[in-house]
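Q: Mind looking over this structure? Questions follow.
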Amino acid sequence: MVLGSTSLPPKPLISTRRGIAWGLDPRREDSSVLVLTSPTRYYVDIRYALDGKPTDGPFWAFGGQVTYTALPDLDEGPGVGIRGEWNHPIDSMGNTDGVDRADLFTLDNGDQIEVGLLENPVTGKEDRFMEYWTKPASLDVSRKVADIPYIVAVLHHEEKLIGLAIRVGDFAQGIKQVVGSKPGVLTARWTYESGGWREAAMGDGKEEDIPMRWLLDGRELNDVHHGTEHWTIVELGK
1037 MVLGSTSLPP KPLISTRRGI AWGLDPRRED SSVLVLTSPT RYYVDIRYAL DGKPTDGPFW
1097 AFGGQVTYTA LPDLDEGPGV GIRGEWNHPI DSMGNTDGVD RADLFTLDNG DQIEVGLLEN
1157 PVTGKEDRFM EYWTKPASLD VSRKVADIPY IVAVLHHEEK LIGLAIRVGD FAQGIKQVVG
1217 SKPGVLTARW TYESGGWREA AMGDGKEEDI PMRWLLDGRE LNDVHHGTEH WTIVELGK
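Counting in the numbering used here, the sequence shown runs from 1037 upward without gaps.
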């Protein structure tokens, strides 16, 4: 599966978006969207605007945990449906107490469509949306999903999750909530290319904010980053 799956045992997921349609409008894509989800369903979803400057930050970025449940059999419609519920204690828009719900349907080619209701950023009103999810073009399709390495680090402040860093295969992302009165996050996106990890230009989270180099440097379960903040490895598959 691409964005969601109820398969057991749970598998890591790597998802990119091919477009979003609001209401009856045609599908379009305005962001570079990547979602990484671990087997215990921690996820980081970062959406960098395609027409903005790298220093503008993400159009939207959030992270937390997701649960998936099977929908009742449908008489019509594509594929088999599942319901996803994403909490996002880390959210660039400040909606840290919310839970997003949407339904996912798998297409014949293995891609998925996500259908739900959200506030339309153009109208400011609740509207139906459809997002189209697929795997990154660079993903090695010959590699079994069970063999894809993954690792998750978390950061808490006063018992609340404020930081997540996840690597799945050749992709890694990190996000950290800015603690204070003003909503906002710091983000990082890395990819493995030509034998080494490379940082994407869009991210604004430095190593002292989100320790991505530390995460990707041969960590073990329960390792703690002893910097100004103590990130902890909570999930690992090699």
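Backbone N, C-alpha and C define an ideal beta-carbon position, used for all residues, glycine too.
1. Taking its Cβ as the centre, do 16 or more other Cβ atoms sit within 10 Å of His-1266, making it buried, or is it exposed?
2. In the DSSP assignment, find the unbroken beta strand (DSSP E) run with Arg-1203 in it and report its ends.
3. Looking at the strands, I want to know which residues DSSP matches up with Pro-1094.
4. Based on the DSSP output, what are the partners of Gly-1220 in its beta bridges?
5. Would the segment 1212 to 1224 count as touching the segment 1057 to 1070 if we require 3 or more Cβ pairs under 8 angstroms?
6. I need the DSSP call for Asp-1240, collapsed to helix, strand or coil.
7. Consider the C-beta atom of Ser-1067 and the heavy atoms of the ligand SAM; say whether any pair is separated by less than 7 angstroms.
8. Report yes if the CB atom of Gly-1120 is closer than 8 angstroms to the CB atom of Gly-1040, and no otherwise.
9. Excluding the five sequence neighbours on either side, which residues of its own chain have a C-beta within less than 7 angstroms of the C-beta of Ile-1082, listed in chain order?
10. Rounding to the nearest angstrom, what Cα-Cα distance links Thr-1264 and Glu-1244 in this structure?
11. Assuming contact is defined by CB atoms lying nearer than 8 angstroms, are Leu-1200 and Val-1080 in contact in what I supplied?
12. I'd like the ranges of any beta strand (DSSP E) spanning at least 3 consecutive residues and lying wholly in the segment 1115 to 1166.
A: For this structure:
1. exposed
2. 1196 to 1204
3. Tyr-1084
4. Answer by DSSP bridge pairing: none, since Gly-1220 is not bridged.
5. no
6. coil
7. This structure lacks the ligand SAM; in fact it carries no ligand of any kind.
8. yes
9. Leu-1070, Pro-1094, Ala-1097, Gln-1209, Ile-1211, Thr-1223 and Arg-1225
10. 7 angstroms
11. yes
12. 1117 to 1123, 1135 to 1142 and 1148 to 1155
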